[in-house]
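Peer 1:
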Amino acid sequence: MAVSARSSTPLEEVAAAAGPDAALWAQLDIRKDRSITLQHAQRAKRCGCTAIVLTVDHPFISGTAARSAENESQQKVFNEISTPCQPLCAPWAADATFTWTGGVRSGDDVVKALCLGAKAVFVGRPALYGLAYNGEEGVTAVLECIRKELCTCLSLIGCHDVQKLHRGFLVRRSDISYQERR
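For any residue, its number in my numbering is found by taking its place in the sequence shown, counting from 1, and adding 2.
#1: Could you check whether G132 and A143 sit closer than 8 Å to each other, using their CB atoms as the reference points?
#2: Look at S108 and I159 and say whether their C-beta atoms are less than 8 Å apart.
#3: For I32 and G140, what's the separation of their Cα atoms in angstroms?
#4: Could you check whether L30 and A46 sit closer than 8 Å to each other, using their CB atoms as the reference points?
#5: For A68, count neighbouring C-beta atoms within 10 Å of its own C-beta (all shown protein chains included) and say buried if the count is 16 or more, exposed if not.
#6: If I measure Cβ to Cβ from T99 and keep anything under 6 Å in the same chain, skipping five residues before and after, which residues do I get?
#7: Could you have a look at A7 and say whether DSSP puts it in helix, strand or coil?
#8: Considering only residues of the region 95 to 123, which uninterrupted beta strand (DSSP E) runs meet the minimum length of 3 residues and lie entirely inside it, listed in chain order?
#9: Starting from H29 and walking both ways along the beta strand (DSSP E), at which residues does that stretch end?
#10: Can you tell me the Cα-Cα spacing of N136 and M3, whole angstroms?
#11: Who are I54's beta bridge partners in DSSP?
#12: Taking V113 and L156 to be in contact with their CB atoms under 8 Å, please state how far apart those CB atoms are, rounded to whole angstroms.
#13: Rounded to whole angstroms, what's the CA-CA distance from R169 to S176? Just pull it up for me.
#14: If you measure from the beta carbon of C117 to each beta carbon in chain B, is any gap under 8 Å?
#15: Who are the Cβ neighbours of L1 in its own chain at under 6 Å, not counting the five residues just before and after it?
#16: Rounded C-beta distance between A25 and T52? I'm assuming under 8 Å.
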């Protein structure tokens, strides 16, 4: 479970409720005052978190509006990996494990994320739709559908092992030449 840095429930309470065997991760915001960032990381470690989730999608005000000082360092991180065409492994994160969250709606989306370097994907909204529709069985059905789509996509691209996926399996629309038929 990944706990949001903006959670209304303190991390300590979430950790206590989850129990000692839970896989608990903590979201970490990079602050201008690095001592605050360090305190948050140490707090996560004390709570038994086994991973830090570094997000780079926080709001950033630009143009004539005032820049948020708290987001300046996150913007620098975001600039490193802002487009799918750039490597996900920036020099400062050579040993980091990247995961993908947001926008995953199908098995095809999972394959794309893995091709871009993600080691795992989070499936949030589709699972919640399944939960709202039919409880645990709905979630199971949604995840099974995504699994089948993933297998179909792998078959169609000729790769039957997700460990062997890489950027070479992806084609950008701008790379395709469309010719008019006469």
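Quick reminder that beta carbons are idealized off the backbone N, C-alpha and C, glycines included. These figures come from a predicted structure and were not determined experimentally.
Peer 2: Short version:
#1: yes
#2: no
#3: 37 Å
#4: yes
#5: Model confidence at A68 stands at a pLDDT of 46, short of 50, so the residue's coordinates are unreliable and nothing is read from them.
#6: K121
#7: coil
#8: none
#9: Note that residue 29 is Gln in the sequence shown, not His. Where Q29 is concerned, the enclosing beta strand (DSSP E) stretches over W27 to L30.
#10: 22 Å
#11: A28
#12: 7 Å
#13: 15 Å
#14: Annotation note: the requested chain B is absent from the structure, which comprises a single protein chain.
#15: The question about residue 1 has no answer, for the chain in this structure spans 3 to 184.
#16: 6 Å
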